[in-house]
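Report on one structure; see the data block that follows.
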Amino acid sequence: MNLRELIIVKTGQAVPGARGDGRDFEHWFAEGLGPEAFDYRTVRVDRGEVLPPIESLDHAPAVLVTGSPAMVSDRLDWSETTAGWLAGAHAAGLPILGVCYGHQLLAHALGGKVGPNPEGRRMGRTRVEFSDAQEPLTGAFAPAAAFNVSHVEIVLAPPEGARVIGTAPHDPYHALYFGNKSWGVQFHPEFDHAIMAAYIEARAAPLHAEGQNPAALIEALDENPNGRPLLARFAELAGT
Numbered sequence: 000m001n002l003r004e005l006i007i008v009k010t011g012q013a014v015p016g017a018r019g020d021g022r023d024f025e026h027w028f029a030e031g032l033g034p035e036a037f038d039y040r041t042v043r044v045d046r047g048e049v050l051p052p053i054e055s056l057d058h059a060p061a062v063l064v065t066g067s068p069a070m071v072s073d074r075l076d077w078s079e080t081t082a083g084w085l086a087g088a089h090a091a092g093l094p095i096l097g098v099c100y101g102h103q104l105l106a107h108a109l110g111g112k113v114g115p116n117p118e119g120r121r122m123g124r125t126r127v128e129f130s131d132a133q134e135p136l137t138g139a140f141a142p143a144a145a146f147n148v149s150h151v152e153i154v155l156a157p158p159e160g161a162r163v164i165g166t167a168p169h170d171p172y173h174a175l176y177f178g179n180k181s182w183g184v185q186f187h188p189e190f191d192h193a194i195m196a197a198y199i200e201a202r203a204a205p206l207h208a209e210g211q212n213p214a215a216l217i218e219a220l221d222e223n224p225n226g227r228p229l230l231a232r233f234a235e236l237a238g239t
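Quick note: the sequence shown, position 235, residue 234 per numbering that gives the first Met the number 0, numbers continuous.
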């Protein structure tokens with residue numbers, strides 16, 4: 000059987016504590032999307048690996064853009080190059096899901112504004128409100144569901160024409176539909192309890208400095224039961 004290709008645009012590595020078993024973003028996403036759902040290809044754009052020219056593709060791969068320790072607002076060369084590629088992929092109608100940094104980068108690529116969250120760093124389990132039960136990607140989670148988050152920057156202004164499909168107490172643009180087959184979510188559907196806890200532990204010092212309690216954030220975690228169903232739903236949408 001010929002599987003549709005899915006390009007994982009890897010924009011950085013997870014914190015070391017989350018990679019103790021040798022797995023990283025690309026493995027967690029493949030598990031959530033379905034190991035047999037796609038022919039997976041990972042491109043490490045943060046290490047200079049080059050994405051294929053859109054015009055050279057004789058097929059229509061799906062695209063997933065990962066999180067990153069980098070900041071979109073730093074406008075790093077590899078990040079800006081990737082943003083240009085994503086704009087072309089979106090215009091070509093490729094199915095795209097941006098997660099955390101990927102969500103921000105896609106918004107930036109299409110003309111939105113990204114920068115530090117005025118509410119400060121956010122980590123752990125958070126409630127996301129979804130406004131439209133008919134929305135193809137997130138409708139099943141309306142009116143609200145919990146997901147894991149870990150970020151400093153957010154989308155401050157969506158690109159023209161984007162539609163808000165999810166909000167969080169600290170972020171009015173937490174999930175966006177950009178048109179065509181492109182979506183972005185600020186939360187991490189691929190993070191289970193252990194991964195999220197590892198992130199909180201890795202950021203314990205800045206969390207303390209900002210007046211947050213890492214132990215309480217870990218205590219409030221669950222297994223992120225909504226994460227994999229959301230990724231599976233994107234796999235369905237990307238496969239049609």
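We put the beta carbon where it would ideally sit given N, CA and C, even for glycine. No experiment lies behind these values; they were computed from the predicted model shown.
By a C-beta neighbour count over all protein chains shown, 10 Å radius and 16 as the cutoff for buried, is Glu222 buried or exposed? Here residue 222 refers to the residue found at position 223 when the sequence shown is read from its first residue. With fewer than 16 Cβ atoms within 10 Å of its Cβ, Glu222 is classed as exposed.
Does the distance from the C-beta atom of Ala88 to that of Gly11 stay below 8 Å? Here residue 88 corresponds to residue number 89 of the sequence shown, with the count starting at 1. Here residue 11 corresponds to residue number 12 of the sequence shown, with the count starting at 1. Contact: no.
Looking at the secondary structure, which residues open and close the alpha helix (DSSP H) in which Arg227 lies? Taking the sequence shown and counting its residues from 1, the one referred to as residue 227 is at position 228. Taken as a continuous stretch (DSSP letters only), the alpha helix (DSSP H) holding Arg227 covers 226 to 237.
Separation of Cys99 from Phe186, as counted between CA atoms: As a first step, residue 186 must be located in the sequence shown, where it is residue number 187. As a first step, residue 99 must be located in the sequence shown, where it is residue number 100. Here the alpha carbon of Phe186 sits roughly 6 Å from the alpha carbon of Cys99.
Measuring straight from C-alpha to C-alpha, what distance separates Phe24 and Glu189? Here residue 24 corresponds to residue number 25 of the sequence shown, with the count starting at 1. Here residue 189 corresponds to residue number 190 of the sequence shown, with the count starting at 1. Cα to Cα, Phe24 sits roughly 8 Å from Glu189.
Any idea what DSSP makes of Leu170, helix, strand or coil? Taking the first residue of the sequence shown as 1, we reach residue 170 at position 171. The amino acid at residue 170 is misidentified as Leu; the sequence shows Asp. Three-state DSSP puts Asp170 in a strand.
Integer Cβ distance of Tyr176 from Glu134, believed to fall under 8 Å: By 1-based counting over the sequence shown, the position of residue 176 is 177. By 1-based counting over the sequence shown, the position of residue 134 is 135. The Cβ separation is near 7 Å, so the contact holds.
For Ala201, tell me which candidate among Thr137, Glu30, Ala17, Gly238 has the shortest Cα-Cα distance. Residue 201 sits at position 202 when you count from the first residue of the sequence shown. Across the set Thr137, Glu30, Ala17, Gly238, the C-alpha of Ala17 shows the shortest separation from the C-alpha of Ala201.
If you check the beta carbons only, do Val62 and Ile95 fall under 8 Å apart? The sequence position of residue 62 within the sequence shown is 63, counting from 1. The sequence position of residue 95 within the sequence shown is 96, counting from 1. The answer is yes: Cβ separation under 8 Å.
Mapping the DSSP letters down to three states, classify Gly97 as helix, strand or coil. Indexing the sequence shown from 1 puts residue 97 at position 98. Strand at Gly97.
Measure the CB-CB distance between Pro60 and Leu5 and report whether it falls below 8 Å. Stepping through the sequence shown from its first residue, residue 60 is reached at position 61. Stepping through the sequence shown from its first residue, residue 5 is reached at position 6. In this structure, Leu5 lies closer than 8 Å to Pro60 by Cβ.
Counting C-beta neighbours from all protein chains within 10 Å, is the total for Arg124 16 or more, i.e. buried, or is it exposed? One-based indexing of the sequence shown puts residue 124 at position 125. Its Cβ being crowded by 16 or more others within 10 Å, Arg124 is buried.
Can you tell me whether His150 is buried or exposed, with buried defined as 16 or more other CB within 10 angstroms of its CB? Taking the first residue of the sequence shown as position 1, residue 150 is located at position 151. By the 10 Å Cβ count, His150 comes out buried.
Return the CA-CA distance between Glu235 and Ser181, expressed in angstroms with no decimal places. Stepping through the sequence shown from its first residue, residue 235 is reached at position 236. Stepping through the sequence shown from its first residue, residue 181 is reached at position 182. If I take the Cα positions, the gap works out to 14 Å.
Threshold first: 3 residues or longer. Then list the beta strand (DSSP E) segments lying entirely within the stretch 129 to 217, N to C. Secondary structure in the stretch 129 to 217: the beta strand (DSSP E) runs of 3 residues or longer, each lying completely within the stretch, are 143 to 150, 152 to 156, 162 to 167, 170 to 178, 181 to 184 in chain order.
Kindly indicate which three-state DSSP category Arg121 falls into: helix, strand or coil? Taking the sequence shown and counting its residues from 1, one reaches residue 121 at position 122. Strand.
Give the single residue among Leu85, Arg120, Ala132, Gly178 whose Cα lies nearest to the Cα of Val49. Taking the sequence shown and counting its residues from 1, the one referred to as residue 49 is at position 50. When each option's Cα is compared against that of Val49, the closest is Leu85.
When you compare each of Val71, Pro205, Gly97 to Arg120 by their alpha carbons, which one comes out closest? In the sequence shown, residue 120 corresponds to position 121, counting from 1. Ranking Val71, Pro205, Gly97 by Cα distance to Arg120 puts Pro205 first.
Could you pull the DSSP bridge partners for Gly114 from this structure? Start at 1 with the first residue of the sequence shown, and residue 114 comes out as number 115. Its beta-bridge partners are Ile153.
Going by beta carbon distance, what residues of the same chain come within less than 7 Å of Ile164, once the five residues before and after it are set aside? Indexing the sequence shown from 1 puts residue 164 at position 165. The answer, listed in chain order, is Phe129, Ser130, Asp131, Glu134, Thr137, Ala174, Leu175, Tyr176.
Could you say if the stretch 143 to 158 and the stretch 103 to 120 meet the contact criterion of at least three C-beta pairs nearer than 8 Å? Contact between the stretch 143 to 158 and the stretch 103 to 120 is present, because at least three Cβ pairs lie under 8 Å.
Once the 5 residues before and after Leu32 are set aside, which same chain residues still bring their CB inside 6 Å of it? Position 33 of the sequence shown, counting from 1, holds the residue named residue 32. Closer than 6 Å at the Cβ level, and outside the excluded window around Leu32, lie Leu230, Ala234.
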